[in-house]
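Working notes, beginning with the structure itself.
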Amino acid sequence: MIKKILSYFIPIKIHTVKSAVSKSIEVTWANGELVIDSENTNYSYGSLQRILRLGLKTVGYEKIAAMEHILVLGVAGGSVIKTLVDEIKFKGKITGVEIDLNIIKIANQYFNLDQVEQLEVVIDDAFEFVLKTKEKYDLIIIDVFQDTTMPNFLYETFFTDQICFLLRSKGVVLFNTMLLNEEHNSRNSKYITEFNKVDYAIKSIPRVERHNELIVIEKHQ
């Protein structure tokens with residue numbers, strides 16, 4: 001409780017572990033809440049939870065609550081999963097894919113992620129998983145980062161085609177991106193303007209929490 005109170009004045013780091021994916025992972029009390037950070041950015045809870053919550057509100061809480069199966073690529077500490085379960089009251093199945101086992105251990109220890117009964121966590125590379133899965137999903141959340149870097153495959157046409165193929169009728173993709181320079185701005189602009197799939201619509205929610213842009217893809221049929 002003392003650390004929580006002090007965190008309103010200064011962040012209080014309580015746990016650090018090395019990560020092959022993101023160099024280091026830190027659990028910190030900040031502004032009265034427990035968050036997970038990588039070396040240079042927030043990984044779960046804190047600003048990231050606010051970003052993805054806005055995206056979920058854009059999709060529509062009622063629409064999400066009625067869905068059957070959600071895929072989360074990039075679980076980290078599981079903040080978006082907690083939003084789905086605790087706030088939206090989603091009762092269906094959640095499949096979470098995370099490449100870093102260490103961060104899942106932290107999520108279980110500090111945020112009780114392993115107590116979410118409808119969640120199945122798969123330790124795998126997101127690209128490899130979408131090639132192998134036989135399931136179809138109502139909502140696919142893409143939140144894949146290596147510290148502040150986004151893997152190139154996320155913007156490749158092949159990956160986007162596969163993601164869209166995995167959507168059920170009237171399914172939605174919520175893609176969290178980070179914009180740190182003009183090159184990143186151009187990358188996102190090109191991704192959106194060159195998206196030309198029939199029966200799909202694409203839009204962006206720009207400048208969420210300063211450096212993030214959410215891209216939403218909706219399947220009409």
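Numbering (UniProt numbering), first residue to last: 1 to 221.
We put the beta carbon where it would ideally sit given N, CA and C, even for glycine.
Thinking just about the alpha-carbon of each residue, which of the options is nearest to the one in residue i?
i    : options                : result
I123 : L214, A201, L6, V75    : V75
W29  : E98, I5, Q146          : I5
T157 : I140, K197, E135, I51  : K197
E194 : N31, T160, E183        : T160
E213 : K190, Q118, Y191, N176 : N176
Would you mind sorting residue i into buried or exposed? The rule is 16 or more other CB atoms within 10 Å of its CB.
i    : result
Y8   : exposed
F165 : exposed
D100 : buried
T149 : exposed
A201 : exposed
E87  : exposed
E135 : exposed
Excluding the 5 residues preceding and the 5 following residue i in the sequence, name in chain order all residues of the same chain whose CB lies nearer than 7 Å to its CB.
i   : result
V27 : I14, H15, L34, I36, I106, Y110
Cβ atoms of residue j and residue i: under 8 Å apart, would you say?
i    : j    : result
L179 : H211 : yes
G55  : L174 : yes
N112 : V17  : no
L48  : I142 : no
I25  : S38  : yes
T83  : I205 : no
V169 : Q221 : It is Ser, not Val, that sits at residue 169 in the sequence shown. Against a cut-off of 8 Å, the Cβ pair of Q221 and S169 comes out as a contact.
Within a Cβ cutoff of 6 Å, which residues of the same chain sit near residue i, ignoring the five residues on either side of it in sequence?
i    : result
K203 : V216
G171 : D138, K219
K132 : none
K3   : I12, W29
T95  : L71, E120
Y191 : Y155
Take residue i and list the residues in its own chain whose beta-carbon comes closer than 8 Å to its own, dropping the five residues that flank it on each side.
i    : result
V144 : L73, G74, A126, M150, P151, L154
N184 : Residue 184 is actually His in this sequence, not Asn. So the list reads T177, M178, once near-sequence residues are dropped.
Identify every run of the alpha helix (DSSP H) within the region 95-173, keeping only runs that are complete inside it and at least 4 residues long; order them along the chain.
101-111, 126-132, 157-165
Could you tell me which uninterrupted alpha helix (DSSP H) segments, each at least 4 residues in length, are contained entirely in the region 1-80, listed from first to last along the chain?
2-6, 46-59, 61-65
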